[in-house]
Ligand code: ADP
Ligand code: MG
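Residue numbers (the numbering used here): 1 to 238.
Here it is in C-alpha cells:
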C-alpha cells in the first residue's frame, strides 16, 4: 500500500512559484526525510500534504484516497511543528485530548489513547502541568503525544528538534526512531541536519528551489549524488 502519492504538485503564492512539479511516493511504514536549504519549500510541501495550504495544481492521494479537497482533520495525518504550537491555556492532558474531543471520541477512548501516548513518551507525571511549566524537550514530547493520540497513518514533522540543545536533540531523535518502529506509521520528517537525515531516513528527498533534485536511500545519495548540490548536502566529498 502507498501511504502518500504526490503527482505534479505545484504551489504558487501570488506570482511566486514555490513548489514545482513535485512527484513523490511514500510507502506504508516508510520514514521519509525532506532536506534542502532554507526557503526551498520544505514547510510548504508539508503544509500542502496536511491540507493547511491548497495546491495550485496536481494531485495528492493519502492511503489511496484523493484528498485535494479534504480538510486537514479528515486526512488521517498529524503534524508536529518546530515551535510546538501547544495551547498555553490548556494543561498537557487537554492539549492532547482537544483534537480527539473535536472528533467526538468517547471518554474511554480518549483516556486510553492519552495513557498509551504518555507511557511511550514518559509524560505520565506531567498531565496536569501547563506548557509554561515544562522544559523545551518536554513541550516537544507533548506535541508529539498530541499527534500520537490521533492514531494517524502519516506523521509530518517540521524540524521538530531545531529548538532543542544538542544533547536533547540526539535523545529525541532516538525517541522518534523508536516511535516509528512501535507505531508502524509512515513519517515525513523535515530537517536541516545531515546526520538526522542519514540516520533516520529510509528515503531522502532533496529539495532545491521548489523542485525535487534527487530521491534515494541515504547510501544511494551518499555514494551517487546526481550533482554537486546533492553532494554538498549529503554525499561523499567529490
Ligand atoms: P523552507 O521550509 O524550506 O525553509 P518554506 O516552505 O517555508 O521553505 O518557503 C518556501 C518559499 O515560499 C519561500 O520563498 C517563502 O518565502 C515562500 N512562502 C512560504 N509561505 C508563504 C506564504 N504564506 N505567502 C507567501 N510566500 C510564502
Ligand atoms: Mg521550513
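Beta carbons are placed, not taken as given, at the ideal position from N, Cα and C, and that holds for glycine.
Assignment of residue 65 by DSSP, reduced to helix, strand and coil, places it in the strand class. In the three-state DSSP reduction, residue 165 falls in the coil class, being neither helix nor strand.
Close CB contacts of residue 29 within its chain, under the 8 Å cut and outside five residues either way in sequence, are with 3, 184, 185, 186 (chain order). Membership of residue 19 in any alpha helix (DSSP H) is not indicated; the residue belongs instead to the beta strand (DSSP E) covering 16-27. Unbroken alpha helix (DSSP H) stretches of 4 residues or longer found wholly inside the region 25-106: 42-50, 92-102, given in chain order. Your pair residue 50 and residue 150 does not check out as a contact, with CB atoms roughly 12 Å apart and the cut at 8 Å. Take the alpha-carbon of residue 218 and the one of residue 32: they are about 10 Å apart. A straight line joining the alpha-carbon of residue 85 with that of residue 144 spans about 11 Å. Rounded to whole angstroms, the gap between the alpha carbons of residue 19 and residue 9 is 7 Å. As computed with DSSP, residue 189 is found in a beta bridge with 33, 157.
By the neighbour-count criterion, in which a residue is buried when 16 or more other Cβ atoms sit within 10 angstroms of its Cβ, residue 213 is buried.
In the three-state reduction of the DSSP assignment, residue 151 falls in the coil class, being assigned neither a helical nor a strand state. Residue environment for residue 177: exposed (fewer than 16 other C-beta atoms within 10 angstroms of its C-beta). If you draw a straight line from the Cα of residue 75 to the Cα of residue 233, it comes to about 32 Å. Here residue 210 carries a coil assignment [DSSP, helix/strand/coil]. By the neighbour-count criterion, in which a residue is buried when 16 or more other Cβ atoms sit within 10 angstroms of its Cβ, residue 126 is buried. The continuous beta strand (DSSP E) containing residue 3 extends over residues 2-13. Rounded to whole angstroms, the gap between the alpha carbons of residue 135 and residue 21 is 40 Å. Put simply, the backbone Cα of residue 46 is about 24 Å away from that of residue 121. If you look at residue 196, you'll find it in the alpha helix (DSSP H) that goes 194-200. Note that the C-beta distance between residue 36 and residue 208 is below 8 Å.
Collapsing the DSSP output to three states places residue 205 in a strand.
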